[in-house]
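The structure appears below as structure tokens.
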Amino acid sequence: MDERYEPAAIERAAQGFWNQHRSFEAAEDPKRDKFYCLSMFPYPSGRLHMGHVRNYTIGDVLSRFARMQGRNVLQPMGWDAFGLPAENAAMQNGVAPAKWTRDNIAYMKKQLQALGFAIDWRREIATCDPAYYRWNQWLFLRMREAGIAYKKTGVVNWDPVDQTVLANEQVIEGRGWRTGALVEKREIPMYYLNITKYADELLGDLDGLGGWPERVKVMQANWIGRSEGAEVGFPYGDDVRALLGADGALKVFTTRADTLFGVTFMAIAAEHPVALAAGARDPQLQAFIDECRRGSTMEADVATMEKKGRRTGLHVRHPFTGEPVEVWVANYVLMGYGEGAVMGVPAHDERDFAFATQNGIPIRMVVRSASGAYDEVVAPWIEAYGEHGVTVNSGEFSGLGYREAVDAIAKALEARGLGRKRIQFRLRDWGISRQRYWGCPIPLVHCEACGEVPVPDSQLPVVLPEDLVPDGSGNPLAKSAAFRDCACPACGKPARRETDTMDTFVDSSWYFLRYACADNGGAMVDERVKYWLPVDQYIGGIEHAILHLLYSRFWTKVMRDLKLVGVGEPFANLLTQGMVLNHIYWQQPAEGRRLYFNPNDVDVEEGDGGKRYVATRDDGTRLEVVYDGLGTMSKSKNNGVDPQGLVEKYGADTARLFMMFTAPPEQSLEWSDEGVQGSFRFIRRLWKAVHDHVAAGPAPRLDVAALTPPQRALRRAVHQTLAKVTDDIGRRRTFNTAIAAVMELLNAIGRSEDGSPQGRAVAHEAFEVVTVALSPIVPHVCHVLWQALGHSTALVDERWPSPDPAALAQDSVTMVVQVNGKLRGQVSVPVDAGEEAIRAAALAEESVQRFVGGATPRKIVIVPRKLVNVVV
RNA sequence: GCCCCGGUGGCGGAAUCGGUAGACGCAACGGACUUAAAAUCCGUUGACCGUGAGGUCGUGCCGGUUCGAGUCCGGCCCGGGGCACCA
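One point on numbering: in the numbering used here, the residue at position 58 of the first sequence is 136, and numbering is uninterrupted.
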């Protein structure tokens, strides 16, 4: 064994061993308990970032731990390879997205391998491979047959200069990112997946997901947003009837049917048919409608923008009183959500209150406060106005509580054919059409004679041409004759191929199934999926808590209903890892954009007026910069740390140890160069300790009966540490405290300095436990240390040991003594001491006597083996 | 704006079920070793009072429950994630 710790050589040796012995190739074996450990696959952006290292280290620790516990472990890896960044890179560099993506995959795969992850690379998949995405297409056609995939119009961001659809990310302050043109909303036909059909089940099944963080389940439940309420029809007034040339009713959904008699206006979306008809004869209203249709499609923008409205001059009639209610167009009502219309009850809804006050609309109180918080509704708004109470001024429905009022009103509405009770979800159907090149083609053909024709299964996949280079002006597929022009599968006449591609969330909604059978060219899934699913542990960023995880759950349920898989939930346990943060520094030049400086190039100087931050530029000149706090590592803020440099300088084990030690996995993690060095030093200290122990010659056999008290104490610490690490990794998933416990143990071994034969035997056992306990986290160095400790077997194939109960036993415990809840002393009592004995020992303690004085304790609280509190 | 999470020494964090606040690590300071530096090793380090023994205060802010609150409850402040075409 070398005296010096040389990570490069050690890691080469360990990885060579695992590769040669195919240690991580997983085979289905029904007799063995399987453990499917899945980390969210990366987008191949070019290089690994620290978030990836953190994510995959967590997965690897759990995989290696489960493997040592005897489970049959599958840990696969692949590439979420379609998406916008490839098109952006193509526009910047003129490289085809396919080549850019595949080069990135090759590079990042090498980086992953250098980190020593226990991955079965035979199962690698990339979503841009036709062998993968053909099954997107195949299942899309099955969903279309089942009515789950259907067509309707949807709203997109439209750049009028580039004549192209923009992603939300490409809209900067209401303008196209390349052209600076004001973005417009535009309605186009799109394909949708009927996820709302599964809303009830997606919500209800959350209860069965015991291995999911509570906060993720709450977020999903709120996203699905089940609300019980009533649908109410407001019959058209004569003016609306005349305008539309038809009879009917304006439908709304409300959770507050009890306030129906407080309706003083109706608000409809700018895209609502009534609004469009009204706009056609009123140029000023049309101008307002046009204004509403500019601007953002994002909910956050809609929610924070100034609430504006304009009267249409049209009326609907109250369903009970028949009174006319004026209809307004409002920018805060969205056509895509609910009915595109809401009833306005200013007295009992904060937003309606603001709208009414601003526009001079009357406010009619119809609920009396149950708590007496108000007698009349007057400005300013107070929260109590929105609370449930007892109805007033509501005709025959007055004097009812919330539930009775809603029930009675809904019943009466139903009798008149103007409404009913209904359950509404906030969740909307999933629009999957994208007018973009680098994605999975939607397998449809448009024929003048036959209409929309699905591509027959025998002709799948519809292969995406890989030689196109987007230029920012629309989808290149639409301009490629070779792709676009085809024969109609039904009649054979010339036809046009669909040029929309699928949302990349489709690709990631089922990749975890494909790992089980990646080599099957004849079917999407097979028997092996039944063996591996569900995923036993899923690990990924908290930013995916809603969309990706909800879509995957939905997709799995659809496949279950199509009899393709046996499970209805894909992920049994979920760990949501926090983000990796670093400091942000910038400087604002006289003209142009902020310049961001990498924290590596910034020195912190302590001056009279506090701290100064000085950056050193490439040309060696220095410049004072602004410190802007911590933020996620990103290219735009120039605060990323390249894992490659870290691995080259310190080795993969140090990178892994730092990631696991610095913060618990669910919390955000702050980058620290000093912390990395500390992790490196710890490994080196471990290496040196084992080296010195081994260099002193073989340790004798451990004779438990012959140990001195200090030796017994050290051995107890060894087995306590083992128990703690097992619990921390296996149950609590707090790797940082597991590592801290091992550090403490290593410190204790160092302090013992016991060169006697049994002292060395205890130390030997201790080093073995340290090596095993750390091996999931720093597997390379432990692989080599295990051999140095005299083993001919490979550590990766060892079983995780159990603590020796005999070693854990102790005959006395130290209990803390408090007087009136304040710590005053400690007493040592036998483990089996009774309450009386503990009480006596506590009262006899010197400082307790001092604080109790002559007083008689009023109460003595005893927490077994921990604490005594004397209350006087 | 709405939903979710977090806030503990100079810093990252620990305290697992309401029971010793600050484990472990970093940084800093002092010392040993060295011609010197690096590396390594030893020691100190929440604040305040005290020579000391010891005491008082202390987990974003205000209030509450409890023998006992970082932990539970109510109200705020600040930071982060998500909001449906970034992945």
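Ideal placement from N, C-alpha and C gives every residue a C-beta, glycine not left out. Here the structure is a predicted model, which means the values were calculated and not measured.
State the Cα-Cα distance for the pair residue i and residue j, rounded to the nearest angstrom.
i      : j      : result
Leu271 : Thr375 : 20 Å
Leu193 : Pro721 : 10 Å
Arg810 : Val151 : 20 Å
Leu260 : Arg253 : 4 Å
Asp697 : Ser123 : 29 Å
Asp639 : Ile520 : 22 Å
Ser472 : Thr382 : 33 Å
Lys109 : Ala168 : 49 Å
Trp199 : Ile940 : 56 Å
Ser834 : Val803 : 28 Å
Arg334 : His622 : 33 Å
Trp255 : Asp240 : 11 Å
Leu522 : Phe561 : 12 Å
Glu474 : Ala327 : 23 Å
His99  : Arg180 : 28 Å
Gly619 : Asp585 : 18 Å
Val131 : Pro120 : 11 Å
Asp107 : Lys188 : 30 Å
Cys206 : Glu544 : 10 Å
Gly903 : Val926 : 7 Å
Pro677 : Asn171 : 28 Å
Ala356 : Ile439 : 20 Å
Glu605 : Tyr593 : 12 Å
What do you reckon, are the CB atoms on residue i and residue j nearer than 8 Å?
i      : j      : result
Arg498 : Glu309 : yes
Ile266 : Val234 : yes
Arg506 : Phe331 : no
Gln888 : Gly837 : no
Ala841 : Val820 : no
Tyr629 : Pro85  : no
Thr732 : Ile761 : yes
Met128 : Val719 : yes
Pro648 : Phe590 : yes
Ile59  : Val859 : Residue 59 cannot be examined here, being either before or after the span of the chain that is shown, 79 to 950.
Ala462 : Ser447 : yes
Lys479 : Val423 : What sits at residue 479 in the sequence shown is Gly, not Lys. Cβ atoms of Gly479 and Val423: not closer than 8 Å.
Leu823 : Thr849 : no
Gly156 : Glu202 : yes
Pro539 : Tyr515 : no
Pro567 : Val533 : yes
Can you give me the start and stop residues for the beta strand (DSSP E) that residue i sits inside?
i      : result
Lys230 : 227 to 237
Trp406 : 402 to 408
Ser834 : Premise fails: Ser834 is in no beta strand (DSSP E) and is neither H nor E.
Met169 : No beta strand (DSSP E) holds Met169; the alpha helix (DSSP H) holding it covers 162 to 171.
Tyr515 : That residue, Tyr515, is in no beta strand (DSSP E); it is neither H nor E in DSSP.
Ala565 : 563 to 565
Leu542 : Segment: none, Leu542 is in no beta strand (DSSP E) and carries neither H nor E.
Gln502 : 497 to 503
Lys654 : Reading off the sequence shown, one finds Thr at residue 654, where the question assumed Lys. Per DSSP, Thr654 belongs to the beta strand (DSSP E) from 652 to 655.
What first and last residue would you give for the alpha helix (DSSP H) that runs through residue i?
i      : result
Arg371 : 361 to 371
Tyr210 : 208 to 224
Lys802 : 787 to 805
Met738 : 730 to 739
Asn300 : 292 to 302
Ser746 : Here Ser746 belongs to no alpha helix (DSSP H), and DSSP marks it neither H nor E.
Asn660 : Looking at the DSSP string, Asn660 is not in any alpha helix (DSSP H); the run it does join, the beta strand (DSSP E), is 658 to 665.
Taking only runs that begin and end inside the stretch 841 to 899, name each unbroken alpha helix (DSSP H) of 4 or more residues, in chain order.
857 to 866, 883 to 886
Suppose only complete runs of 3+ residues qualify. What are the beta strand (DSSP E) ranges in the stretch 586 to 643, listed by chain order?
615 to 619
Flag this pair as touching only if the stretch 238 to 247 and the stretch 592 to 612 have three or more C-beta atom pairs under 8 Å; answer yes or no.
no
Whether or not the stretch 142 to 162 and the stretch 867 to 880 are in contact is what I'm after, with contact meaning three or more pairs of Cβ atoms, one per stretch, closer than 8 Å; do they touch?
Remark: three or more beta-carbon pairs, one from each stretch, lie closer than 8 Å, so the stretch 867 to 880 and the stretch 142 to 162 are flagged as touching.
As an exercise, report each continuous beta strand (DSSP E) stretch of at least 3 residues that is fully enclosed by the stretch 405 to 444, in chain order.
419 to 422
Would the stretch 269 to 289 and the stretch 355 to 375 be scored as touching if the rule is three or more Cβ pairs under 8 Å?
no
Sufficient close CB pairs (3 or more, under 8 Å) joining the stretch 218 to 235 to the stretch 736 to 750:
no
With a cut-off of 8 Å, do at least 3 Cβ pairs link the stretch 384 to 402 to the stretch 340 to 352?
yes
Enumerate, from N- to C-terminal direction, the unbroken alpha helix (DSSP H) stretches of 4 or more residues contained entirely within the stretch 920 to 949.
924 to 930
Which runs of the beta strand (DSSP E) fall wholly inside the stretch 376 to 401 and span at least 3 residues, in chain order?
387 to 395
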